[in-house]
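Sequence positions in the sequence shown follow our numbering and run 113 to 442. Beta carbons are placed, not taken as given, at the ideal position from N, Cα and C, and that holds for glycine.
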Amino acid sequence: MEDVTAGPDDAGRRLDQFLATAMDGTVSRSRLKGLIEDGRVTVNGAVVVEAKRRVAAGDIARVDLPPPADAEPQAEAIALSVLYEDDALIVIDKPAGLVVHPGAGNATGTLVNALIHHCGDTLSGIGGVRRPGIVHRLDKDTSGVMVIAKTDAAHKHLSAQFADHGRTGPMERVYQALVWGGPDRNTGTIATHLGRSGSDRTKQAVVSESQPDARHAVTRFSVETRFGPAAKPAASLVACMLETGRTHQIRVHMAHVGHPLIGDHVYGAGFRSKARALPEPARAAVDALGRQALHARMLAFVHPSTGEPMRFEADMPADMARVADELRHV
């Protein structure tokens, strides 16, 4: 059992949203929705079965977390690039194109399937049967460093660090992004609220703070390289540092400031003409990329068992590196 109390800032939020935040991301919102619908959540002592139920300040919610269940996905011998591994966790360099966990349209061939094969039954069960050990996610077409928990204790400790976003500890996440054009400043901070797009519910968008699902999102950026004329670059290599971890955050934020990621057909569809205007072979390299040019280059955190600071880096993958190399000649 776990009890959480709603504060003044929580008033009016959906129960599943409130619990996901109050529990520091240790249990996914979709998992919590299932627990609510199964009658495993009470508010002020009464069972609540609707995830959309709004909470009021002072409400006390109790979550009956079932014991970790065995993972339903099957083990699959999918190669993993392991950067580090011990009894508590495993750190990998995820390739682009690999879905993190099973879902609609991706029942097999995911990172979870690979982890079950590699780790056996040692993965944490907190994330539910579909997401054993998964503390954080990368989009299917985003490559780079990920950490996975092997024990429930490690899962809770790492989840708390991700929820803290480095405000009080050494948690740090740095991404590399190839974007169209280039920001006016070499460094800056993008701070908005993100929520579901009103025109396409599958997309995220910058929204008003008053939108019910609006969540504060902060991305710091630093321009590493400008490709082309300094006054009007064709593209730039940008380092992005996350202070929050919202869905598609970097992709939405860079598009919001007018510099969407190269290859991002969801948030940068209006920039396809930019690729056609590039000289060969830069144009061919962008066409061959076939995904958003985003790579999780570095992840730093405290080891949940030893307290030791850990830092892992992964080189930019070959497809992105080729685009960057060709852009140097535009």
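In the structure shown, the three-state DSSP call for Gln273 is helix.
When Cβ pairs closer than 8 Å are counted between the two stretches, the region 124-135 is seen to touch the region 161-170, the count reaching three or more. A Cβ-Cβ distance of about 17 Å is found for the pair Leu227 and Ala426, leaving them out of contact under the 8 Å criterion. Asp253 is classed as buried because its beta carbon has at least 16 other beta carbons within 10 Å across all chains shown. With contact defined as three or more Cβ pairs closer than 8 Å, the region 282-301 and the region 330-345 are in contact.
Nearest in C-alpha terms to Gly293, of all of Met428, Glu392 and Ala343, is Ala343. Note that the region 202-210 does not touch the region 146-161; fewer than 3 beta-carbon pairs, one per stretch, sit closer than 8 Å. Within the same chain, Val212 come within 7 Å of Arg249 by CB-CB distance, once the 5 residues on both sides are set aside. Membership of Lys206 in the beta strand (DSSP E) is indicated by the continuous run Leu201 to Lys206.
Look at His377 here: in three-state DSSP terms it is coil, with no helix or strand label.
The Cβ atoms of Arg327 and Arg358 lie closer than 7 Å to each other.
Separation of the CB atoms of Val291 and Val350 is rounded to 5 Å, and the pair is thereby assigned contact status at 8 Å. Short of 6 Å from the beta carbon of Ala123, and not among the five residues preceding or following it, lie these beta carbons of its own chain, in chain order: Ala168 and Ala169. Rounded to the nearest angstrom, the Cβ distance from Leu201 to Val259 is 6 Å, consistent with a contact under 8 Å. Look at Gln316 here: in three-state DSSP terms it is strand. The beta-bridge partner set that DSSP reports for Ser348 consists of Val291 and Arg338. Fully enclosed beta strand (DSSP E) runs of no fewer than 3 residues occupy 114-117 of the region 113-141, in order along the chain. If the five residues before and after Thr220 are omitted, its C-beta is found closer than 8 Å to the C-beta atoms of Pro185, Gln186, Glu188 and Pro214, all from its own chain and listed in chain order. In the DSSP assignment, the residues bridged to Ser255 are His407. In this chain, the alpha helix (DSSP H) harbouring Met432 covers Ala430 to Leu439.
Assignment of His371 by DSSP, reduced to helix, strand and coil, places it in the coil class.
About 42 Å separates the Cβ atoms of Gly419 and Gly402, ruling out a contact at the 8 Å cut-off. Per DSSP, Asn225 has no beta-bridge partner at all.
When DSSP reads this structure, Ala303 sits in a beta bridge with Val330. For Glu321, same chain residues with a beta-carbon under 6 Å away, outside a window of 5 residues either side, are His305 in chain order. At the C-beta level, Pro416 and His269 come within 7 Å of one another. Ranked by how close their Cα comes to the Cα of Val319, the residues Pro393, Ala346, Thr222 and Val364 have Val364 in first place.
Rounded to the nearest angstrom, the Cβ distance from His229 to Ile190 is 7 Å, consistent with a contact under 8 Å.
Val167: not part of any alpha helix (DSSP H); DSSP gives it neither H nor E.
Taking 7 Å as the cut-off, the Cβ atoms of Ser236 and Thr138 do not count as close.
The closest CA to that of Lys145, considering only Pro120, Ala158, Gly119 and Val175, is found on Val175. Straight through space, the alpha carbons of Gln288 and Arg395 are spaced by roughly 20 Å.
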